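Asks: Chains as they are written, first to last, in this note's numbering: chain E, 1 to 319; chain X, 320 to 605.
My questions will all concern the structure given below.
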């Protein structure tokens, strides 16, 4: 198992803030909108340096999506910022009609996704957003794994023409991807080559997959670990190349089992080569209040859950 | 300057032709929305043939042009006819309205690349936000032209309209002219019965808008000076709202003033009656 080290822990939302600030310096067409959450979205640097390109919308997310769609007419590249819940479910029809169906170059940047929002509870812990967004034609869906990758993703999506949903979160987690590594949209990142099981992880579950890889290695299991930062379009080639080697699959995500990364992989496998597959995901339920660590444990998203899922997948392969 | 710049007499003839297109389009597919389309014909004809600076060689960004957004997308027949007859696409394409493999969709869309459409509309309440965004984009680009948006009055039931109204005043979007088609009808009946709108002037003024009226949205003698008046109010720190009274179904007597013709097409006999009433100097039906 390849070693990954880190010197600090940071939140992925701060990676977004840093990426947005850099875009403010390098791309004059980038504009930012926020629905009364500039602190939570870490937008302060962009606002300070580009006050004329920042638009406070107030607590009116539907309007924010429409305004962002309109701003693309004239060549602006709007980045909207609010929590993932209010970036998706609350404004689904606005995104569907004014952004996705209209093919508008809006970047929907969504923080506090998933259970790791923690104490605020299920009203704010959206676990359905990847599903909603990936079902929209034209939409690209990206869920980076740490601070550096979120910063790289923020910068990458400005150069991509089309609507994007960028999902990130609140907790501080290890920063282990290289600071100079660019994000290539739709290109999975190999973290550990293995032969026994393919673990496809996204977002906060990527680091947990690395921890699981070490535990599996101690048990003599050689896991292949791949970071799927882009859920749509899925890097089908990377998935199929890996499973051809390993013959079984684990998907890992901080999302409902229904509609997330696992479903995208399962659909690909059903169309090509069905294989034993296990999901590490929230089992079609809402979250609750608690610390992020407690919630990840209770809802089955820990490294030990990934280990158990890998062992189940391998056992099924051998039947 | 407007590429057509027609006289009032010419505008009246164009409006009659557009109304012929509307009833023929909805009749041909036995679906679509004639009532609001007929009511807003004079307004759209005024914009595209007299008031707006625009280029039928369509480009999405529309820099240096006035832009129009149709928020109440169900009145697509009038929008399509006016776009075609002002040069955006061949009028023959109107015959494909609502048919399979057409660019002329039931509600306006960009997906098929129909020139003149800048955003999809149909799900109500979204167009004002989009128009505000386009207006802010113009400000950022130092583009002095104006953004127009038309909404239905029933559409004002949607909460997003009021979010947008608050935003436009707060951010001083004074290169925007919004118009409400005050025909007083929505699908289930009169607006005041379904969900009373009350005093719209007072409401929009309280939101911080500069509000004015067009007393007769079915008369060029009222619409043209009204639009000029609205333009004179731009650039003064407030978004401009026109409350425009129209008659649903205007021009076809049996459709006038009733919500029953919101989304119903005329039958063969009714079509012939309508076309007799919509006389033009020289008909050029598609």
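A virtual CB, placed ideally from N, CA and C, is assigned to each residue, including glycine.
Remember, predicted model here, so these are calculated numbers, not experimental data.
Within 8 Å of any Cβ in chain E, is that where the Cβ of residue 452 of chain X sits?
Replies: Judged by the 8 Å Cβ criterion, residue 452 of chain X is in contact with chain E.
Asks: May I have the straight-line CA-CA distance separating residue 412 of chain X from residue 431 of chain X, to the nearest angstrom?
Replies: Taking the straight line from one Cα to the other gives about 13 Å.
Asks: Scan the stretch 85-129 of chain E and note each continuous beta strand (DSSP E) run of 3 residues or more that stays entirely inside, going in chain order.
Replies: Entirely contained in the stretch 85-129 of chain E, the beta strand (DSSP E) runs reaching 3 residues are, in chain order, 107-111.
Asks: Could you tell me the alpha carbon to alpha carbon distance between residue 582 of chain X and residue 393 of chain X, rounded to whole angstroms?
Replies: One C-alpha to the other measures close to 9 Å.
Asks: Please say whether residue 115 of chain E and residue 233 of chain E have beta carbons closer to each other than 8 Å?
Replies: Not closer than 8 Å, so no.
Asks: Can you check DSSP and say which residues form a bridge with residue 492 of chain X?
Replies: Answer is none; residue 492 of chain X lacks a bridge partner.
Asks: Please confirm whether residue 98 of chain E and residue 445 of chain X have their CB atoms less than 8 Å apart.
Replies: Yes, they are a contact pair.
Asks: Run through the stretch 503-538 of chain X for me and flag every whole alpha helix (DSSP H) of 4 or more residues, listed as ranges in chain order.
Replies: As far as the stretch 503-538 of chain X is concerned, its whole alpha helix (DSSP H) runs of at least 4 residues are 510-513, 519-525.
Asks: Listing by chain order, which chain X residues have their CB less than 7 Å from the CB of residue 76 of chain E?
Replies: Going along chain X in sequence order, the residues near residue 76 of chain E (Cβ under 7 Å) are 456, 459.
Asks: Using a C-beta cutoff of 8 Å, does residue 69 of chain E count as contacting chain X?
Replies: Yes, because at least one Cβ of chain X sits closer than 8 Å to the Cβ of residue 69 of chain E.
Asks: Quick one: which chain E residues come within Cβ less than 9 Å of residue 442 of chain X?
Replies: Within 9 Å Cβ-Cβ: 93, 94, 96, 97, 98.
Asks: In its own chain, which residues sit with a C-beta less than 7 Å from the C-beta of residue 610 of chain X, not counting the 5 before and 5 after it?
Replies: Since the first residue of chain X shown is 320 and the last is 605, residue 610 of chain X is not available in this structure.
Asks: Name the residues in the stretch 100-115 of chain E whose C-beta lies less than 8 Å from a C-beta of chain X; which are they?
Replies: Under the 8 Å Cβ criterion, the stretch 100-115 of chain E contributes 101, 102, 103, 104.
Asks: Going by beta carbon distance, what residues of the same chain come within less than 6 Å of residue 360 of chain X, once the five residues before and after it are set aside?
Replies: Excluding sequence neighbours, residue 360 of chain X sits near 334, 337, 338, 397.
Asks: For the beta strand (DSSP E) containing residue 312 of chain E, name the first residue and the last one.
Replies: Not the beta strand (DSSP E): residue 312 of chain E falls in the alpha helix (DSSP H), residues 303-318.
Asks: Entirely within the stretch 530-587 of chain X and at least 3 residues each: give me those beta strand (DSSP E) ranges in chain order.
Replies: Whole beta strand (DSSP E) segments, 3+ residues: 559-564.
Asks: Determine whether the Cβ of residue 62 of chain E lies closer than 8 Å to any Cβ atom of chain X.
Replies: Closer than 8 Å: yes.
Asks: Which runs of the alpha helix (DSSP H) at least 4 residues long sit entirely within the stretch 362-406 of chain X? Give them in chain order.
Replies: List check, alpha helix (DSSP H) in window: 395-404.
Asks: Hey, could you find the ends of the beta strand (DSSP E) residue 264 of chain E is sitting in?
Replies: Counting along the chain, residue 264 of chain E falls outside any beta strand (DSSP E), though it belongs to the alpha helix (DSSP H) covering 261-271.
Asks: Please identify the residue among X/434, X/481, X/344 whose C-alpha is closest to the C-alpha of residue 605 of chain X.
Replies: Nearest option by C-alpha distance: X/344.
Asks: Starting from residue 126 of chain E, find everything on chain X with Cβ-Cβ shorter than 7 Å and list it in chain order.
Replies: In chain order: nothing, as chain X lies at least about 20 Å away.
Asks: Comparing alpha-carbon positions, which option in E/130, E/120, E/205, E/52 lies nearest residue 109 of chain E?
Replies: The residue with the shortest Cα to Cα distance from residue 109 of chain E is E/130.
Asks: Given a threshold of 16 other Cβ atoms within 10 Å of its Cβ, counted over all protein chains shown, does residue 489 of chain X qualify as buried or as exposed?
Replies: Its Cβ having fewer than 16 others within 10 Å, residue 489 of chain X is exposed.
Asks: Give me the subset of the stretch 426-440 of chain X whose CB atoms are less than 8 Å from a CB atom of chain E, sorted by chain position.
Replies: If the cut-off is 8 Å between Cβ atoms, the stretch 426-440 of chain X has 428, 429, 430, 437, 438, 439, 440 near chain E.
Asks: Pairing CB atoms from the stretch 569-576 of chain X with CB atoms from the stretch 543-555 of chain X, are three or more of them under 8 Å?
Replies: No, because fewer than three Cβ pairs between the stretch 569-576 of chain X and the stretch 543-555 of chain X fall closer than 8 Å, the two stretches do not touch.
Asks: Using a Cβ-Cβ distance under 8 Å, would residue 130 of chain E count as near chain X?
Replies: No, no contact with chain X.
Asks: Is residue 205 of chain E near residue 252 of chain E, with beta carbons less than 8 Å apart?
Replies: It is a contact, given that the beta carbons lie within the stated cut-off.
Asks: Mind checking which residues open and close the beta strand (DSSP E) that includes residue 26 of chain E?
Replies: Careful: residue 26 of chain E lies outside any beta strand (DSSP E), inside the alpha helix (DSSP H) at 12-26.
Asks: What three-state label does DSSP hand residue 417 of chain X in the structure shown?
Replies: Correct three-state label for residue 417 of chain X: coil.
Asks: Are the CB atoms of residue 209 of chain E and residue 185 of chain E nearer to each other than 8 Å?
Replies: No, the pair does not count as a contact, with Cβ atoms beyond the cut-off.
Asks: What does residue 9 of chain E pair with, by DSSP beta-bridge criteria?
Replies: The partner list for residue 9 of chain E (beta bridge, DSSP) reads E/174.
Asks: With C-beta atoms as the reference, is residue 407 of chain X less than 8 Å away from residue 375 of chain X?
Replies: Yes, Cβ-Cβ distance for residue 407 of chain X and residue 375 of chain X is below 8 Å.
Asks: State yes or no: is the beta carbon of residue 47 of chain E nearer than 8 Å to at least one beta carbon in chain X?
Replies: No, its Cβ sits nowhere closer than 8 Å to a Cβ of chain X.
Asks: Please name the residue or residues paired with residue 192 of chain E in a DSSP beta bridge.
Replies: DSSP, once it has assigned bridges, lists E/225 as partnering residue 192 of chain E.
Asks: Would you grab the beta carbon distance between residue 32 of chain E and residue 53 of chain E for me? Rounded to a whole angstrom, and I think it's under 8 Å.
Replies: 7 Å between Cβ atoms; contact.
Asks: Which residues share a DSSP beta bridge with residue 198 of chain E?
Replies: Residue 198 of chain E is bridged to E/224, E/249.
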